[in-house]
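All you need for the working numbering is the position in the sequence shown, starting with 1, plus 2.
A quick write-up on the structure given underneath.
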Amino acid sequence: MLPETDIQKLAVETRQSLIQEFAETYANLRERVKRVPESEARKVSEEFSCPFEVALIAYLINMDGIMSLRQAVGLFTAELARRASIGEDVPNLSGNIMEFALVEGRWISHIHGKFTRKLELRVRSLANLEDVVDTSTLEVEKALSIIAERTKLAEIFISPLVEEWRKEHVKSTSADVLTSFGQAITKWNRSTLSGKFKQVMKRNQARFRILRQALTHATDSFTIDSSIKNLDSLIAELEQPFDKLTPRAIAHFLLHLVPRPQSGRGDRSSYVDIGVGSTRANKAEPDMSSPFDFLERDIKLANRRKGNDRREYLLERIGRVIRVLKYQGSDVNECVRECYTEIISRFGLKDISLDDSLTVANEKLTEVQVTEKDSLAMNLIFDFVNDHVYLEDSI
Numbered sequence: 003m004l005p006e007t008d009i010q011k012l013a014v015e016t017r018q019s020l021i022q023e024f025a026e027t028y029a030n031l032r033e034r035v036k037r038v039p040e041s042e043a044r045k046v047s048e049e050f051s052c053p054f055e056v057a058l059i060a061y062l063i064n065m066d067g068i069m070s071l072r073q074a075v076g077l078f079t080a081e082l083a084r085r086a087s088i089g090e091d092v093p094n095l096s097g098n099i100m101e102f103a104l105v106e107g108r109w110i111s112h113i114h115g116k117f118t119r120k121l122e123l124r125v126r127s128l129a130n131l132e133d134v135v136d137t138s139t140l141e142v143e144k145a146l147s148i149i150a151e152r153t154k155l156a157e158i159f160i161s162p163l164v165e166e167w168r169k170e171h172v173k174s175t176s177a178d179v180l181t182s183f184g185q186a187i188t189k190w191n192r193s194t195l196s197g198k199f200k201q202v203m204k205r206n207q208a209r210f211r212i213l214r215q216a217l218t219h220a221t222d223s224f225t226i227d228s229s230i231k232n233l234d235s236l237i238a239e240l241e242q243p244f245d246k247l248t249p250r251a252i253a254h255f256l257l258h259l260v261p262r263p264q265s266g267r268g269d270r271s272s273y274v275d276i277g278v279g280s281t282r283a284n285k286a287e288p289d290m291s292s293p294f295d296f297l298e299r300d301i302k303l304a305n306r307r308k309g310n311d312r313r314e315y316l317l318e319r320i321g322r323v324i325r326v327l328k329y330q331g332s333d334v335n336e337c338v339r340e341c342y343t344e345i346i347s348r349f350g351l352k353d354i355s356l357d358d359s360l361t362v363a364n365e366k367l368t369e370v371q372v373t374e375k376d377s378l379a380m381n382l383i384f385d386f387v388n389d390h391v392y393l394e395d396s397i
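Pasting the structure below:
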């Protein structure tokens, strides 16, 4: 178990890192919003009946591949409605609405982007530990390991972010935090999420009671006594109404919401396997972590289609890859270069000059307006696949 002083120290470091990162994100959005085509933002504003300033930031969030325009505008609208309901309306002035959109856009981008990706990766080690939890056989050492891992994720990684969110969202309650973060973690809509709150809370409390029960089998020691006392305190905090939860309770609740990766255990038969796992480089069921993993899969799937159906299918997938790469910091030319390079490598293409292909692509990209570069890049990558990967009937 981590001492309380160490938890507080690490939480402070996390908070300081967040503040620096948020300052950079705010500056980035403020600079990029100047380059959003006004005509495109007007279309978004009219289609979703939202302020023009909100449409600008929603457009950027969508371009970064984080979520759809409808989802982004919906989140902005929900926060505007919450503020109006508590008498803290955002003044209907362009400057005030833009400041709101920039600050809230920074939160939406972070929670639905980097935060959820990092959380899903970090929860894997916890899932491996929790996979053996059993009311009758859980060992004391295993229980302590699970408690330590949960504490590290909830109180060092999640809790500082929750506290900063509360500070910047005037008169917000813990229920507001659960809804905002819960939507990003589970991908459920607001009504589904709120409907499952009680069920998730009961499961969370039950898990902690199992861990507490395992600790009572140990001989007396200061560490065990301290851990039991800490668990009792946390269980009591989790019994409070949803709008009165402490930051620590919120963090542990959110951690319990995170989907755990499937272990392949349970009632799956060891003799019957329905379907065939995908393979790559003689590896069964590879982790689809890189955008190029998905691009490789989609190129193979698209080969089953013909004509316009193939083109529309693959262009949509290539567009997603470009948005992700741009979100990771690549410009359009770099996106094309990375895609060409990966396609050549993954499909073992021979007798193709990467330099010549990139020279032609870069020349074409310099001839079009900024607003048309993404569309052209998608078509360039599709044509590259069509000319070289689909040259033969099979991949």
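Ideal Cβ positions, reconstructed from N, Cα and C, are used throughout, including at glycine.
Assuming contact is defined by CB atoms lying nearer than 9 Å, are residue i and residue j in contact in what I supplied?
i	j	result
residue 199	residue 244	yes
residue 202	residue 258	yes
residue 367	residue 323	no
residue 180	residue 63	no
residue 78	residue 56	yes
residue 210	residue 187	no
residue 50	residue 75	yes
residue 170	residue 109	yes
residue 239	residue 248	yes
residue 298	residue 336	no
residue 144	residue 216	yes
residue 123	residue 20	no
residue 315	residue 307	yes
residue 107	residue 329	no
residue 230	residue 142	no
residue 112	residue 16	no
residue 71	residue 35	no
residue 80	residue 192	yes
residue 414	residue 121	Summary: the structure shown does not reach residue 414, with the chain confined to residues 3 through 397, and so no result is reported for it.
residue 246	residue 139	no
residue 262	residue 132	yes
residue 149	residue 233	yes
residue 351	residue 390	yes
residue 381	residue 317	yes
Are there 16 or more other CB atoms within 10 angstroms of the CB of residue i, so buried, or fewer, so exposed?
i	result
residue 276	Confidence in residue 276 is poor, its pLDDT being 36 and thus under 50, which makes the residue's placement too unreliable to answer from.
residue 22	exposed
residue 172	exposed
residue 354	exposed
residue 310	exposed
residue 103	buried
residue 194	exposed
residue 294	buried
residue 88	exposed
residue 161	buried
residue 219	exposed
residue 213	buried
residue 125	buried
residue 292	exposed
residue 270	Reliability fails at residue 270, whose pLDDT of 38 lies under 50, so the model's placement of it is uncertain and no value is given.
residue 127	exposed
residue 250	buried
residue 182	buried
residue 224	exposed
residue 151	buried
residue 29	exposed
residue 375	buried
residue 363	buried
residue 379	buried
residue 95	exposed
Leaving out five residues before and five after residue i in sequence, what residues of the same chain have Cβ atoms less than 7 Å from its Cβ?
i	result
residue 392	305
residue 84	178
residue 346	354, 356
residue 327	293, 337, 340
residue 92	82, 85, 98, 99, 102
residue 38	58, 61, 62
Once you ignore the five residues that flank residue i on each side, which residues in its own chain have a CB closer than 6 Å to its CB?
i	result
residue 383	320, 341
residue 254	156
residue 387	301
residue 283	For residue 283, the predicted model reports a pLDDT of 42, less than 50, meaning its position is unreliable and no value from the coordinates is stated.
residue 349	391
Quick one: what's got a C-beta closer than 8 Å to residue i's C-beta in the same chain, skipping five residues either side?
i	result
residue 190	184, 198
residue 42	61, 373
residue 206	240, 254, 255, 258
residue 90	172, 173
residue 44	54, 57
residue 296	290, 319, 322, 323
_Which runs of the alpha helix (DSSP H) at least 4 residues long sit entirely within the segment 278–356? Give them in chain order._
List check, alpha helix (DSSP H) in window: 293–304, 309–329, 334–348.
*Could you pull out every unbroken alpha helix (DSSP H) segment of at least 4 residues lying fully inside the segment 152–176, listed in chain order?*
Segments of the alpha helix (DSSP H) lying fully in the segment 152–176: 161–170.
*If you scan the segment 92–128 from start to end, which runs of the alpha helix (DSSP H) of 4 or more residues do you find wholly inside it?*
Segments of the alpha helix (DSSP H) lying fully in the segment 92–128: 96–112.
*Which runs of the alpha helix (DSSP H), 4 residues or longer, sit entirely within the segment 184–241?*
Secondary structure within the segment 184–241: the alpha helix (DSSP H) runs of 4 or more consecutive residues, fully enclosed, are 192–217, 224–240 (chain order).
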